[in-house]
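A.B. asks: Residue numbers (this note's numbering): 131 to 545. After the structure tokens below, expect a handful of questions from me.
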Amino acid sequence: MNKIKLIIFPGYYVPHIGGLETHVDEFIKYLSKSDNYDISVVAPNIPKYKEFEIKYNNVKIYRYPAFEIIPNYPIPNLLNINFWKIFLKLYKINFNIVMTRTRFFTNTLIGFIFAKIRLHKKKLIHVEHGSAFVKVENKYTNKIAYYYDIIIGNIVFNKSDCVIAISNAVKNFISNNFLKCDNNNNHKSNKSNKSNKSNKNNSNNDIPLIYRGIEIETIEQIKEDSEITNKFKNKVKLCFVGRLFKWKGVENTIKAYKLLPEHIKDNTVLIIVGYGEDLKRLKEISENYLDNGIYFTGKKEFKDAIGIVKASDIYIHSSYRGGGLSSSLLQAMCCGKAIIASPYEGGNEVINEDRGVLLKDNSPEQIKNGIIYLIKNKKLIGIYGKNAKKFIKENFNWQSSVEEYKKIFNKLLKK
């Protein structure tokens, strides 16, 4: 039996840190366990790492030269001969399926072109991770990203053979902004309904929703950070883990902490794990509480970040609309932590009254009230944590997720 040749174009890949990166890495880890697949990953070489390596069951990783003008938006270095060597080498391989991930990355556009310029065009699957238009601190970046979305995003969604959403929030975002559904649940382009030909790939099909898996066994083997435990022994420890970008809403968590009544604030600490363009501004917002109630750990490796989560009491998910389904949120639930969550970035899909505190929005007032509620009802911290962990084990399994992807691969290749 011939192997199915799959090439993936993610916006970033490890060692770059983020939910998309771990999603792709864990996906290929489990998919490659099947001997029926020959997998390649092509991504920008940011941060600088090996240009080529083989991982897991013969998964080939190619990293091309790239740079960032805007933080978190890599651009291929087209003037570097190594980029073209990689591209031409891969172009000669007869891949069956091309997979792109998240519409606003330039690597998605490269993957789209790679799939479409072949004489015998390849099946193109786009997996979307975003649930809103880009929102960062710089308004000009937001505007540029919006127009890029309107043009390139529409093309990617409407010209792919299959579009997959990683959460309901993502699915709704795609349906409302890029692929409209008629009364028969057939998809139509937002830009034009004049011709079914331009949109035939998504007609008569709903957008598949496939949740990611979580590395449950790996997380369970990690021990809590004893330094955090001992340093804040008699304190209630609040925690956030993730990239420090505006749409993560960490500013609102800091403001919520500052709004806490003094008698609660004196016995509570907020630990923020991560890095990003918002770090300096977030430290400024922390004011007198910086290193005196609010602590920034900076960039941490996965194992260390999970250790800090395990040493904490409450995890705060404060996101705005934007991401699909927060990996950090799922990992905190897997650690058995009580969650205070905004409804965005998947919060309302995994948190309910049995598994944590689901807020109406991510405002400082709402977050503050959630913190006070759990501190006044401490027995719920353990109950919510236990239920959250059980939910993750039952619903976020990579073996099951990969099987859903395989069904789509096989269906497309039969056409």
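We put the beta carbon where it would ideally sit given N, CA and C, even for glycine.
I believe Ile-340 touches Tyr-535 by the beta-carbon criterion, under 8 Å. Please report the beta-carbon distance rounded to the nearest angstrom.
C.D. replies: Residue numbering aside, residue 340 sits at position 210 when the sequence shown is read from its first letter. Residue numbering aside, residue 535 sits at position 405 when the sequence shown is read from its first letter. That pair is a contact at about 6 Å.
A.B. asks: For Ser-322, name the three-state secondary structure that DSSP assigns.
C.D. replies: What you label residue 322 is simply residue 192 of the sequence shown in a count that begins at 1. Residue placement at Ser-322 is flagged as unreliable, the pLDDT there being 40, under the threshold of 50; a coordinate-derived value is accordingly withheld.
A.B. asks: Would you mind working out which of Lys-490, Lys-541, Phe-526, Lys-467 sits nearest Lys-508, comparing C-alpha positions?
C.D. replies: Here residue 508 corresponds to residue number 378 of the sequence shown, with the count starting at 1. Selected option, being the one with the closest Cα: Lys-467.
A.B. asks: Pick out whichever of Lys-498, His-259, Tyr-503, Ser-472 has its Cα sitting closest to the Cα of Phe-235.
C.D. replies: Position 105 of the sequence shown, counted from the first residue, corresponds to residue 235. Per the Cα distances, His-259.
A.B. asks: What would DSSP say about His-393, mapped onto helix, strand or coil?
C.D. replies: As a working mapping, residue 393 is identified with position 263 in the sequence shown. Note: His-393 maps to helix in three-state DSSP.
A.B. asks: In its own chain, which residues sit with a C-beta less than 7 Å from the C-beta of Lys-185, not counting the 5 before and 5 after it?
C.D. replies: On the sequence shown, residue 185 is found 55 positions in, with the first residue counted as 1. Same-chain partners within the cutoff: Ile-191.
A.B. asks: Where does Leu-218 sit, in a helix, a strand or coil, going by DSSP?
C.D. replies: Looking up residue 218 in the sequence shown gives position 88. Reduced to three states, the DSSP call for Leu-218 is helix.
A.B. asks: Report the option in Glu-431, Ala-386, Thr-398 whose CA atom is closest to the CA atom of Tyr-405.
C.D. replies: As a first step, residue 405 is located in the sequence shown; it is residue number 275 there, counting from the start. Comparing Cα-Cα distances from Tyr-405 to each of Glu-431, Ala-386, Thr-398, the minimum goes to Glu-431.
A.B. asks: Report all residues from its chain with a CB closer than 7 Å to the CB of Ala-262; omit the five preceding and five following residues, and keep chain order.
C.D. replies: Stepping through the sequence shown from its first residue, residue 262 is reached at position 132. Cβ within range, chain order: Phe-303, Arg-451, Gly-452.
A.B. asks: Could you please give me the residues that DSSP links to Val-487 through a beta bridge?
C.D. replies: On the sequence shown, position 357 is the one that residue 487 refers to. In DSSP, Val-487 forms a bridge with Ile-470.
A.B. asks: Short of 8 Å in beta carbon distance, which residues of its chain neighbour Ser-456, apart from the five on each side in sequence? Order them along the chain.
C.D. replies: Taking the sequence shown and counting its residues from 1, the one referred to as residue 456 is at position 326. Counting only Cβ-Cβ distances below 8 Å, and skipping sequence neighbours, we find Gly-149, Gly-372, His-447, Ser-449, Glu-475, Gly-476, Gly-477.
A.B. asks: I'd like to check one pair, Ile-337 with Lys-301: are the Cβ atoms closer than 7 Å?
C.D. replies: What you label residue 301 is simply residue 171 of the sequence shown in a count that begins at 1. What you label residue 337 is simply residue 207 of the sequence shown in a count that begins at 1. Yes.
A.B. asks: In angstroms with no decimal places, state the Cα-to-Cα distance between Val-480 and Tyr-514.
C.D. replies: Within the sequence shown, the letter at position 350 stands for residue 480. Within the sequence shown, the letter at position 384 stands for residue 514. Using only the alpha carbons, I get a separation of about 12 Å.
A.B. asks: With a threshold of 16 other CB atoms inside 10 Å of the CB of Tyr-277, please say whether the residue is buried or exposed.
C.D. replies: One-based indexing of the sequence shown puts residue 277 at position 147. Under this definition Tyr-277 is an exposed residue.
A.B. asks: Examine the ligand FAD and report whether any of its heavy atoms sits within less than 6 Å of the Cβ of Phe-426.
C.D. replies: By its list of ligands, the structure shown contains no ligand whatsoever, and the ligand FAD lies outside what it can speak to.
A.B. asks: Please check the pair Leu-136 and Phe-225, which I expect to be a contact at CB under 8 Å, by giving their CB distance rounded to whole angstroms.
C.D. replies: Start at 1 with the first residue of the sequence shown, and residue 136 comes out as number 6. Start at 1 with the first residue of the sequence shown, and residue 225 comes out as number 95. Rounded, the Cβ-Cβ distance is 7 Å, consistent with contact.
A.B. asks: Report the start-end ranges of each beta strand (DSSP E) in the segment 395 to 448 that is 3 residues or longer and not cut off at the edges.
C.D. replies: Qualifying beta strand (DSSP E) stretches, in chain order: 398 to 403, 424 to 428, 444 to 447.
A.B. asks: Going by DSSP, which residues form a beta bridge with Phe-139?
C.D. replies: What you label residue 139 is simply residue 9 of the sequence shown in a count that begins at 1. Answer is Thr-230, bridged to Phe-139.
A.B. asks: Thr-359 and Ala-435 look like a contact to me (Cβ under 8 Å); what is the Cβ gap, rounded to whole Å?
C.D. replies: What you label residue 359 is simply residue 229 of the sequence shown in a count that begins at 1. What you label residue 435 is simply residue 305 of the sequence shown in a count that begins at 1. Contact flag wrong, Cβ pair sits at about 15 Å.
A.B. asks: Identify, in the order they occur along the chain, each residue of the same chain with its Cβ nearer than 6 Å to the Cβ of Asn-212, setting aside the five sequence neighbours on each side.
C.D. replies: The sequence position of residue 212 within the sequence shown is 82, counting from 1. Cβ neighbours of Asn-212 beyond the five flanking positions: Pro-195.
A.B. asks: Using DSSP with H/G/I as helix, E/B as strand and the rest coil, what is Asn-161?
C.D. replies: Within the sequence shown, numbered from 1, the residue matching residue 161 stands at position 31. The question names Asn, but residue 161 is Leu in the sequence shown. Helix at Leu-161.
A.B. asks: Give a yes or no on whether the C-beta atoms belonging to Val-171 and Tyr-142 are separated by under 7 Å.
C.D. replies: Residue 171 sits at position 41 when you count from the first residue of the sequence shown. Residue 142 sits at position 12 when you count from the first residue of the sequence shown. No, the Cβ-Cβ distance between Val-171 and Tyr-142 is not below 7 Å.
A.B. asks: Can you tell me which of Lys-246, Leu-218, Ile-394 puts its alpha carbon nearest to the alpha carbon of Lys-506?
C.D. replies: For the purposes of this step, residue 506 is taken as residue 376 along the sequence shown, with counting starting at 1. The shortest C-alpha separation from Lys-506 is found at Ile-394.
A.B. asks: How big is the Cα-Cα spacing for Glu-414 and Lys-388?
C.D. replies: The sequence position of residue 414 within the sequence shown is 284, counting from 1. The sequence position of residue 388 within the sequence shown is 258, counting from 1. Approximately 13 Å, taken between the alpha carbons.
A.B. asks: Which residues mark the beginning and the end of the beta strand (DSSP E) in which Lys-367 is found?
C.D. replies: By 1-based counting over the sequence shown, the position of residue 367 is 237. Counting along the chain, the beta strand (DSSP E) containing Lys-367 begins and ends at 366 to 371.
A.B. asks: Report the rounded CA-to-CA distance for Gln-71 versus Gly-379, giving the unit in angstroms.
C.D. replies: As displayed, the chain neither begins before 131 nor continues past 545, which places residue 71 out of reach and without an answer.
A.B. asks: Can you tell me whether Asp-279 is helix, strand or coil according to DSSP?
C.D. replies: As a position in the sequence shown, residue 279 is number 149, starting the count at 1. Looking at Asp-279 - three-state DSSP - the assignment turns out to be helix.
A.B. asks: Can the beta-carbon of Arg-342 be found less than 7 Å from the beta-carbon of His-153?
C.D. replies: Counting from one through the sequence shown, the residue named residue 342 turns up at place 212. Counting from one through the sequence shown, the residue named residue 153 turns up at place 23. Cβ distance < 7 Å, so Arg-342 and His-153 count as in contact.
A.B. asks: Thr-232: which of Val-264, Leu-220, Ile-438 sits nearest, CA to CA?
C.D. replies: Residue mapping note: residue 232 aligns to position 102 of the sequence shown, counting from 1. Closest by alpha carbon: Val-264.
A.B. asks: Could you check the C-alpha separation between Arg-80 and Tyr-503 for me, to the nearest Å?
C.D. replies: What is shown of the chain runs 131 to 545, which leaves residue 80 out entirely.
A.B. asks: Among Tyr-425, Ala-462, Glu-151, which residue has its Cα nearest to the Cα of Asn-202?
C.D. replies: For the purposes of this step, residue 202 is identified with residue 72 of the sequence shown, where counting begins at 1. The option with the nearest alpha carbon to Asn-202 is Glu-151.
A.B. asks: Return the CA-CA distance between Val-366 and Ser-531, expressed in angstroms with no decimal places.
C.D. replies: In the sequence shown, residue 366 corresponds to position 236, counting from 1. In the sequence shown, residue 531 corresponds to position 401, counting from 1. Straight-line Cα distance between these residues: approximately 36 Å.
A.B. asks: Look at the Cβ atom of Ile-138, then the Cβ atom of Met-229, and state whether they are nearer than 7 Å.
C.D. replies: Position 8 of the sequence shown, counted from the start, is the residue given in the question as residue 138. Position 99 of the sequence shown, counted from the start, is the residue given in the question as residue 229. Yes.
A.B. asks: Looking only at its own chain, which residues have a Cβ that is under 8 Å from the Cβ of Ile-444, when we skip the five neighbours before and after it?
C.D. replies: Against the sequence shown, residue 444 aligns to sequence position 314. Excluding residues within five positions, the ones whose Cβ falls inside 8 Å are Val-366, Lys-367, Leu-368, Cys-369, Lys-467, Ala-468, Ile-469, Ile-470, Ile-501, Leu-504, Ile-511.
A.B. asks: Count the other C-beta atoms from every protein chain shown that fall within 10 angstroms of the C-beta of Gly-454, then say buried if there are 16 or more, exposed otherwise.
C.D. replies: Translated into the one-based positions of the sequence shown, residue 454 becomes position 324. Classification of Gly-454: buried, given that the 10 Å Cβ count is 16 or more.
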